[in-house]
Structure formats: structure tokens, C-alpha cells
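Down below is the structure, laid out as C-alpha cells.
There are 2 protein chains.
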Amino acid sequence: MPKTAKSTQKAPSAQSGAKSTGPAVSPLAPKSFPKLPPLAGIRLATTAAGIRYQQRTDVLLALLAPGTQVAGVFTKSRTASAPVLWCQDKLKGGEARVLVVNSGNANAFTGKAGLDGVRDVANEASAVAGCRPQEVFMASTGVIGEPLPTSKIIRVLSDLARQTAAGNWRAAADAIMTTDTFPKAATATANIDGVKVTINGIAKGSGMIAPDMATMLSFVFTDANLPASVLQECLSAGIGPSFNAITVDSDTSTSDTLMLFATGKGGKHAAIAKASDKNLTEFRRALDGLLLDLALQVVRDGEGAQKLIRIDVTSAESDGAAKRIALSVANSPLVKTAIAGNDANWGRIVMAVGKSGEAADRDLLKISFGGHVVAEKGMRAVKYNEATATKAVSGREVNIAIDLGLGKGKARVWTCDLTHGYIDINGSYRS
Amino acid sequence: MPKTAKSTQKAPSAQSGAKSTGPAVSPLAPKSFPKLPPLAGIRLATTAAGIRYQQRTDVLLALLAPGTQVAGVFTKSRTASAPVLWCQDKLKGGEARVLVVNSGNANAFTGKAGLDGVRDVANEASAVAGCRPQEVFMASTGVIGEPLPTSKIIRVLSDLARQTAAGNWRAAADAIMTTDTFPKAATATANIDGVKVTINGIAKGSGMIAPDMATMLSFVFTDANLPASVLQECLSAGIGPSFNAITVDSDTSTSDTLMLFATGKGGKHAAIAKASDKNLTEFRRALDGLLLDLALQVVRDGEGAQKLIRIDVTSAESDGAAKRIALSVANSPLVKTAIAGNDANWGRIVMAVGKSGEAADRDLLKISFGGHVVAEKGMRAVKYNEATATKAVSGREVNIAIDLGLGKGKARVWTCDLTHGYIDINGSYRS
Chain A
223 MPKTAKSTQK APSAQSGAKS TGPAVSPLAP KSFPKLPPLA GIRLATTAAG IRYQQRTDVL
283 LALLAPGTQV AGVFTKSRTA SAPVLWCQDK LKGGEARVLV VNSGNANAFT GKAGLDGVRD
343 VANEASAVAG CRPQEVFMAS TGVIGEPLPT SKIIRVLSDL ARQTAAGNWR AAADAIMTTD
403 TFPKAATATA NIDGVKVTIN GIAKGSGMIA PDMATMLSFV FTDANLPASV LQECLSAGIG
463 PSFNAITVDS DTSTSDTLML FATGKGGKHA AIAKASDKNL TEFRRALDGL LLDLALQVVR
523 DGEGAQKLIR IDVTSAESDG AAKRIALSVA NSPLVKTAIA GNDANWGRIV MAVGKSGEAA
583 DRDLLKISFG GHVVAEKGMR AVKYNEATAT KAVSGREVNI AIDLGLGKGK ARVWTCDLTH
643 GYIDINGSYR S
Chain B
223 MPKTAKSTQK APSAQSGAKS TGPAVSPLAP KSFPKLPPLA GIRLATTAAG IRYQQRTDVL
283 LALLAPGTQV AGVFTKSRTA SAPVLWCQDK LKGGEARVLV VNSGNANAFT GKAGLDGVRD
343 VANEASAVAG CRPQEVFMAS TGVIGEPLPT SKIIRVLSDL ARQTAAGNWR AAADAIMTTD
403 TFPKAATATA NIDGVKVTIN GIAKGSGMIA PDMATMLSFV FTDANLPASV LQECLSAGIG
463 PSFNAITVDS DTSTSDTLML FATGKGGKHA AIAKASDKNL TEFRRALDGL LLDLALQVVR
523 DGEGAQKLIR IDVTSAESDG AAKRIALSVA NSPLVKTAIA GNDANWGRIV MAVGKSGEAA
583 DRDLLKISFG GHVVAEKGMR AVKYNEATAT KAVSGREVNI AIDLGLGKGK ARVWTCDLTH
643 GYIDINGSYR S
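Structure, rendered in C-alpha cells:
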């Protein structure tokens, strides 16, 4: 059985002592940082290069075994960052030997200098790792539009390469954080052809989060032996109900990057040529679970979030319609503020369904909070109970169900509430 | 020359003594309530019927001269309110004798009872006014999903009818407010065929404001003599750059209603059969100006608004693309919170342009704050000055210009910043 480990390694609130400022850890954070085992073929190191933050790590270097296969999905923004453009181009080669990630600066909207900077980093990293520049992948997150001080990254690479070690997952998750209040990671195992393989993933993101994708970086690694084409198919299918089903503020980043690396250095298993191979079923289920776990950690760290909100839409005209309705609700400031205020204001759900533009029939629409039907047959439910409805929106996790009564389309998305914390964080992020 | 009067009648902060609670008057409110003259053929009265609020007026009755012509535009929500459905249906007749508006309850998602309620009110109002029920129009604004206590409206109608008087515009604007912090009105005059006619308008709205249209009610009256078909054409054309170019929170109401009534009881002028009649040019310009004035008052009263933000998009692929880009920026929580914090965070403009899905070329994009170019040629402008940029986003009015460098499409939209006030108001609106 695939499973996603949740056991303790270190409390998130400990923060490695490296994050000196910022708001308190989200009340929705997992109780502990999961225990990620070392993975054959992957060595990690981090350092504080002083890119923007002081006294916290901001560069991650991952060295990958020769032959490591890679897949990726990226932001659909028309103003994508320089490292996104680089990675999209280099992905064609299908092989990766190095991953460099920095926080503090997104290297987005930085013109030709931005692309030159990525190339400079790739050249230096390839020299350090003994590979080709096109096998170096890079991601950057932080402020948009400020020149990335690439020299600060370049000068630490050789030291970092010497310091790399198996493990180091917690340090890696820490180094890629920006406004995150806790590091995000998950691990899972699965059998391929009777051989146990492991998947480890880390992620960052808490604001500018919306499908396709989010200000979100995530790097997932496995010791399985899978070709890039198979990895890509698994990844592209896996993000639909996970990273593409979360939204914090409807704002899509210029930098969203999700990459999947397979070293092939675990136990020997049968060759896999197609994602539809039955030997891959358990792996894919494990990967899907891990992606969802990471995506939900991002929502749980939504800027200012006090509540995790799940929205299930059923009986819509199509799956696409269901998702658009779910996102209309999930992105509605009025819905999000009402839930922040423990207000079972289902009228705002009606409003958000109505504004989605998708087919809806007032008299067939049914809305439930935590299983309690609040509206149906075109009006407030006859058995509506204010206390029950209020209780359903007053906890840390709120489940909203919307049945359109029209067709077979369904979708599930997650978001968080909209609180004073979001305003606090984003009214002064640059300063 | 058409003009929109702005002269003083009473300070908005005076609030008629009728609105006992709620946040302070928006700092963006006009300095004074405009002086609206009586209009021939229109009599108004208001009362406190206790629909939801205590000790404030919540019902407006307008009696209109026989033969009054009417046009209207309404929310595109798929879950439109009962009075919206009623008005859309009765508009076909083209004539109006009565307008009844209540605040405190939207009569939306109230099922068959909601529609029965509108019919009951229309029946009573038609008896009081001596007209047919289909000549009675109604609008409701307030909480969604709670049954409207129509009996409270019905029982005040005959007294209200006796109390109607010419003028009373300030009282009318007060009675339709919900979370508004100031009453909204505008007046203008124009010549048709050398004869002076007058246009008076009132509006309400401050949250759940987004194009097509807003939690927005507006009623515009003129003493000009114009057939319903001409009124409709003028109104439909006028809302594009006014009420359909404003957004507070991207949330579209179930109740948006904008109606235009023409009594034909002013000075005699040549008959007008087509909206394109040259004799109507000045009137249409005056009407457009008045609609924009009212729409901007709604944004100036955006829930929690501290700043009025104008977004001009030029050189987009098409006007439609320009508008979608402008709205993507205007609805971005990250843009709105940055401006609330006096943060010239133009990177978030780049993000919002990028997420719109419309064509954009990083190297052609030019962004200005208050005329100061902050980004161009794919990066921060060479002459970028942080102090100048910060000053440009620190006042009560912020102008953002985005040039795509691609085509001839352009659009202008207005929004407001996103502040703690919005969270305060909307986390506890129902309670």
C-alpha cells in the first residue's frame, strides 16, 4: 500500500532557528515535520548567501546521480520568470544533475540580465558538478522585478557541493521558504514490480497562490527508475486534483515550478516504458497522495490563514464547470471573510455560484456546511439550524458542499479564509 | 454643455441622523451631497419599516407620472433575486408608474415565496397608485437567503404614497443604503432640441461590487420625453465605461439593478425616435457623465477603501483583452494590499498582467505609477525612483498605467485598495 508518512522529526515551530522574523506559525500547520529518509542518488546542502534575507538560509543545492530523469510543470503566467523559461527549455533533454534554488528574489521581470544570470549560475554549477549546463535546473522565489545578485549564488556553489550530504531534507525545505511560516515536506513509499521505492518532496508557498499554479515551488524526488516521459505523464496527471486545486488569493505567480526527479538508484525493478504500466499503479497513487499532501500544506500556510476550507461541487454540467464554480466560491473575498468571522453566510455561496457564469438552477441548488443542508429548493432549508451551521464554519477545517442538480460534473478545491493577517503580510511585504 | 452638479446641499457625514452604526464615512467620499432639483413627474417618500435595521429608513417609494418610460440593466448572476426577475419581465411593457426599493433584505434565494412577495407588493402598490401591477418595479438589497417580510412593506405603502413629495432626493439616497457610509447621488442637465432637461440619479453599493454589475442599485430619472427603446439603448451603452468598469472585490451580486425612468413632463422638445438622433448627443453625454459619477461614488465607498485606484490599459490586442487585463490587476488581492500599504510593488502588476491569460510580451510591457515609469523593456526602468514611485501610490487617488505595446486595445477601470476595514465589515455583516 502506498502511504504518506507523517511521523515526527522536528516540530515546525522550531524553524531551525534560522527564520528570525515574520508572523507566528500557521495554526493549520501539521503537528510535526515528517521524517524523510535519504534517497539514493540525491545529496543536498543549503547556505545563507544573503540574497535578501539576513541570517537565514536562502540557497539550496541538490546534486543528482548521473542519468537522473526529470519532468516538470510550470506557471502559465505570460510574464514567467527567467528560471522558469530556462527550465522549460532544458526539460527537453530529460536529464538532470543539479538543482539550484534560491529564496528572496524571484528573478522575474529582470530582462536579459535575468536570463544571463541563470546561464551564469548553470555554467558554474555544471563546472562544480561535472555535467553540462543544460542538466542544471534552477528556481527562484521572492520579490519580482529586482535584479538577482547571481554572484552571491555563484560564489557559494563549490563550497555547497562539498557540503552536500544524503538527507538534509529539513534544511532544504527551510531554505526555499519566503513568507511561509513552516517548512513543507512529505514522503511516501510504493512498490514497483515488488521493489520498494521512496518518494520525497518539499514545497514552499503561502501567498500568490492560485491554480496554474501558485507562488509555489515544489521538488519531488524518487529513487525509482523511470524515464522522463513517464515521469512527465505521472506529474501532469497528478497536479489536477492537487496543486491545481488549491487557491489562497487567486493570484498566479510568475515563478511556479514543480519538478519531479527520478535517480533510478534504488532497488532494481522492471523497466517501465509507459505511465499506464500496471506495475506503476501503486507508485502513481503514492505520488498523487504526496502531491496532495504538499499542496494542502501550502493552503494550510496561506497568508493569514486560520481555517482550511474544502469545497466540493457535484452534479454540475461538466467537471470543468464544477471546477470553475468551486474556484469562484474559493476565490470570493466575501465567502472567505464570512468564514473567517464564523458566519454561516450561505447567501454568499449562492452569490459566488451565480457569478461563476456556469449553469445553475436556483431551485435545484443544494448547499451544505459540514454535512448540514443550509439551502435547497430555492430557499433556506426547512431544517436549517443556525447553531449547527455556525458550528460547521467555526472550526479549523470547514467543508462546503454544493450540489448543482444538473449533471455529472464534480470538482474539489481547497482554500483558506481571508483575515487581517493577509492584509498585514501583504501591505508591507517588500519593506 | 452637459454638466454634473457637485454643489452642496448637506454634508454626507451628517447621514440624516438615520444611520446609527457602522464604520466612519469613507475618506474618499465627496465633500458634500449634491443639490438635486425636483423633477416634474416624480414624487418620493421614505420610511423606516423595520425590515432589518432599526431606527433607519429602509423603504423608498417613487410615484411616477402616467406614461413614464423605463429601461433597465441587471445582474448577470445565474442566481438573480426575485425582484430582478420581476423587473426583467415587466420591462417589456416599457412603462413604469411606481418604484419600490427596500434595504436590509435582498429577497434573493427565497424561492417561490420571494416571487410571491414581489407580486404582493406590486399588487398593493398598483392599488395605491392607481396603475397596473406590471407598471410597478421593485428592487431589494441586503442579506441573501432570508425571507423578505413583505407585510412590513405592504402596510406602509398607502401612508408613503400620501407623503410623497417633489424633491426628497437625499432621503431617497439614504433609504437604499446598506453598508454604504455615505448616500450617493448626482445631477446633470442637458439640452435636447434647445430645451433644457434634467437627470437625477441615486445609487447604493459598497461591497460585492464587480462588473455585470455590483451589489449595486441605481435609479436614474429624467424629465425628458424619451421612449423606452431609446432609453434602453442609451443606458446599455452608458454602463460599459461606468458601472461595468468598477470593481471592489470581484464579487457580483444577485441583485444588481440600474433603472432609467423618463417622465416626459419637462419642457416640450422634438420627439426622439432613435438613440442616434443628433438632438440626443448632449443628453447622452450628460447621462454618461452622471453614470460614471455614480459608479465612482460606489468605488469611493468600497468596503474599507482608503484609496481610489484607476487602471488604464493601452496597446492591448483588443479592447476586450485590455479590460480583462485591467480587471485582473484591479481584482488582485496582492496588488490591492500593496497599494493599501503605500508599497510601489510593481512586480505584482507584472504578476496580475501575466495571470490574466491575455497576450503580453515581457519586453514590450510598460508600467507607470502616477506617470512615473517603473518598469519597461523587460525590467525595472532605468530611471526608476523609489521615492517618486512610493509617493505615487501613497495618496488618496492612485493612477496605474499599463501599456502592452501590442495593439490598439484599451480600457479603464476603477477599484479601491484592500484593507483591514474590508475584513472588519465582511467578517460580521450578518450578525
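Chains A and B, in that order, are what the protein sequence lines are. Residue numbering for the first sequence follows my numbering, starting at 223 and increasing by one per position. Residue numbering for the second sequence follows my numbering, starting at 223 and increasing by one per position. Glycine included, C-beta positions come from ideal geometry on N, C-alpha and C. Note that the structure is predicted; figures quoted are calculated from it, not measured.
For residue i, is the classification buried or exposed, using 16 other Cβ atoms within 10 angstroms of its Cβ as the cut-off for buried?
i	result
B:Lys-630	exposed
B:Asn-345	exposed
A:Ser-373	exposed
B:Glu-608	exposed
B:Glu-580	buried
B:Gln-291	buried
B:Gln-277	exposed
B:Val-419	buried
A:Val-604	exposed
A:Pro-433	The predicted model places A:Pro-433 with a pLDDT of 35, which falls under 50 and marks its position as unreliable, so this point remains unresolved.
B:Asp-583	exposed
B:Ser-498	exposed
A:Lys-253	exposed
B:Arg-319	buried
Verify whether the separation of the beta carbon atoms of residue i and residue j is less than 8 Å.
i	j	result
B:Asp-323	B:Lys-406	Looking at the sequence provided, one finds Val at residue 323 of chain B rather than Asp. No, the pair does not count as a contact, with Cβ atoms beyond the cut-off.
B:Leu-261	B:Thr-485	yes
B:Ser-475	B:Ser-299	yes
B:Lys-558	B:Leu-640	yes
B:Ala-271	B:Val-378	yes
B:Leu-482	B:Leu-516	no
B:Ser-362	B:Ser-477	yes
B:Ala-446	B:Ala-293	no
B:Thr-469	B:Thr-301	no
A:Pro-561	A:Val-615	It is Ile, not Pro, that sits at residue 561 of chain A in the sequence shown. Taking 8 Å as the Cβ cut-off, A:Ile-561 and A:Val-615 qualify as a contacting pair.
B:Ala-393	B:Thr-268	yes
What is the DSSP secondary structure of residue i, reduced to helix, strand or coil?
i	result
A:Asp-515	helix
A:Ser-451	helix
B:Val-365	strand
B:Ala-508	helix
B:Thr-485	coil
A:Pro-256	strand
A:His-642	helix
B:Ser-440	strand
B:Phe-465	helix
B:Lys-490	coil
A:Gly-649	coil
A:Leu-502	helix
A:Ala-284	strand
B:Gly-423	strand
B:Thr-243	Low confidence applies here, because B:Thr-243 scores a pLDDT of 46, under 50, leaving its location unreliable; read the following figure in that light. Correct three-state label for B:Thr-243: coil.
A:Gly-460	helix
A:Arg-392	helix
A:Ala-495	coil
A:Arg-278	coil
B:Pro-433	The pLDDT assigned to B:Pro-433 is 36, lower than 50, so where the model puts this residue is not dependable; a value taken from the coordinates is nonetheless given after this. Note: B:Pro-433 maps to coil in three-state DSSP.
B:Ala-397	helix
A:Arg-584	coil
Any heavy atom of the ligand GTP closer than 7 Å to the CB of residue i?
i	result
A:Gly-339	For the ligand GTP, the structure offers nothing, since it holds no ligand at all.
Unbroken stretches of the alpha helix (DSSP H), 4 residues or longer, contained in the stretch 598 to 640 of chain A: Runs of the alpha helix (DSSP H) inside the stretch 598 to 640 of chain A: 608 to 614.
Under 8 Å (Cβ pairs) to chain B, residues found in the stretch 322 to 338 of chain A: Answer in chain order: Ala-328, Ala-330, Phe-331, Thr-332, Gly-333, Lys-334, Ala-335, Gly-336.
Under 8 Å (Cβ pairs) to chain A, residues found in the stretch 533 to 548 of chain B: None of the residues of the stretch 533 to 548 of chain B has a beta carbon lying less than 8 Å from any beta carbon of chain A.
Contiguous alpha helix (DSSP H) assignments of at least 4 residues, all confined to the stretch 520 to 577 of chain B: You should have 541 to 552, 555 to 562, 568 to 577.
In chain order, each alpha helix (DSSP H) run of at least 4 residues that lies wholly inside the stretch 289 to 319 of chain B: The stretch 289 to 319 of chain B contains these whole alpha helix (DSSP H) runs: 304 to 312.
Residues in the stretch 614 to 636 of chain B having any Cβ partner in chain A nearer than 9 Å: In summary, no residue of the stretch 614 to 636 of chain B has a CB separated from any CB of chain A by less than 9 Å.
Residue ranges of each beta strand (DSSP E) within the stretch 329 to 382 of chain A, 3 or longer: For the beta strand (DSSP E) assignment, the uninterrupted runs of no fewer than 3 residues enclosed by the stretch 329 to 382 of chain A are, from N- to C-terminal side, 358 to 365.
Under 9 Å (Cβ pairs) to chain B, residues found in the stretch 283 to 311 of chain A: Those residues of the stretch 283 to 311 of chain A that come within reach of chain B (Cβ to Cβ, closer than 9 Å) are Thr-297, Lys-298, Ser-299, Arg-300, Thr-301, Ala-302.
Near-chain A residues of the stretch 591 to 606 of chain B - C-beta to any C-beta below 7 Å: Residues Ala-597, Lys-599, Gly-600, Met-601, Arg-602.
Within 8 Å of chain B by C-beta, residues of the stretch 342 to 369 of chain A in sequence order: When CB distances to chain B are screened at a threshold of 8 Å, the residues of the stretch 342 to 369 of chain A falling below it are Val-365, Ile-366, Gly-367, Glu-368, Pro-369, in chain order.
Chain A contacts made by the stretch 268 to 282 of chain B, where a contact means CB separation under 8 Å: For the stretch 268 to 282 of chain B, the set of residues with a beta-carbon nearer than 8 Å to any beta-carbon of chain A is empty.
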